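With the working numbering, you'll find the sequence shown wraps up at 1334, consecutive numbering, no jumps.
Below: the structure, in structure tokens.
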Amino acid sequence: MTAIAPVTLSGRYVVLEPLSLDHHDGLVAAASDGELWNLWYTSVPQPAGMRAEIERRMALQEAGKMLPFTTRFKDPGTGEPGKVIGMTTYMNIDASVPRVEIGSTWNAASAQGSGTNPDSKRLLLGHAFEALGCVAVEFRTHWMNMQSRKSIARLGAKQDGILRAHTRTADGSLRDTVVFSILAAEWPQVRNGLDFRLGKKR
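Shown next, in the form of structure tokens:
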């Protein structure tokens, strides 16, 4: 597996930048757009906890367990990074296979339906399969997060199964986790589907 290192990925609608504390204020504003921390089936930090979450993800990066990104709108005129809209990561990195999970993702409410999510996934999947040499990329989400489940399935990912009573959420309740994956052999077809979707939004 090619070593996973911080990288900036630029697509049609978004730019994914290596996460840093410089993104703190923009991430607070993005999470406040829709007060995403109130969605009980997701894990989005409240403004007071954003710095700790950034530091947590950066510590996992130092340990080689995560590669976190800040998601920005891409200015259609200049092509430069614009407003911060959320976060995403490569996580559960297993270099021996190799495979990664794309997860711990959230976007501002106003960014939903704008093409930013499929563009972000197009960038992360392309980098995982074409640059890192992954044989599989995994996605996990809460059983009750129907929006996320539909979004992952629409990418072309296959549902592998459900891990029942898998983890505890912030309120202490047990979470059933739905697991999806895309294999390297499936990537060309998935890529074509994503490129078609993104092309339709021109």
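Beta carbons: idealized from backbone N, C-alpha and C, even for Gly.
These figures come from a predicted structure and were not determined experimentally.
What is the DSSP secondary structure of residue i, counted as helix, strand or coil?
i	result
isoleucine 1314	strand
glycine 1304	coil
arginine 1334	Because the pLDDT of arginine 1334 is 40, which lies under 50, any placement of that residue in the model is unreliable, and the number read from its coordinates should be weighed accordingly. Arginine 1334 falls in the coil class under three-state DSSP.
Sort out for me which residues DSSP pairs residue i with in a bridge.
i	result
threonine 1140	DSSP output for threonine 1140 lists no bridge partner at all.
glycine 1293	Val1311
isoleucine 1167	Here the sequence assigns glutamate to residue 1167, which means isoleucine is not the residue at that position. Answer is none; glutamate 1167 lacks a bridge partner.
proline 1150	Phe1201
Between residue i and residue j, is the Cβ-Cβ spacing less than 7 angstroms?
i	j	result
glutamate 1270	serine 1313	yes
aspartate 1165	alanine 1260	no
leucine 1159	phenylalanine 1201	no
threonine 1248	threonine 1237	no
methionine 1223	methionine 1198	yes
arginine 1204	valine 1216	yes
leucine 1255	glycine 1143	yes
glutamate 1187	proline 1177	no
| task | Entirely within the stretch 1200-1286 and at least 3 residues each: give me those beta strand (DSSP E) ranges in chain order. | result | 1213-1226, 1231-1239, 1268-1274
| Cβ contact check for the stretch 1301-1311 and the stretch 1323-1331: 3 or more pairs under 8 angstroms | Here the stretch 1301-1311 does not lie against the stretch 1323-1331, with fewer than 3 beta-carbon pairs under 8 angstroms apart.
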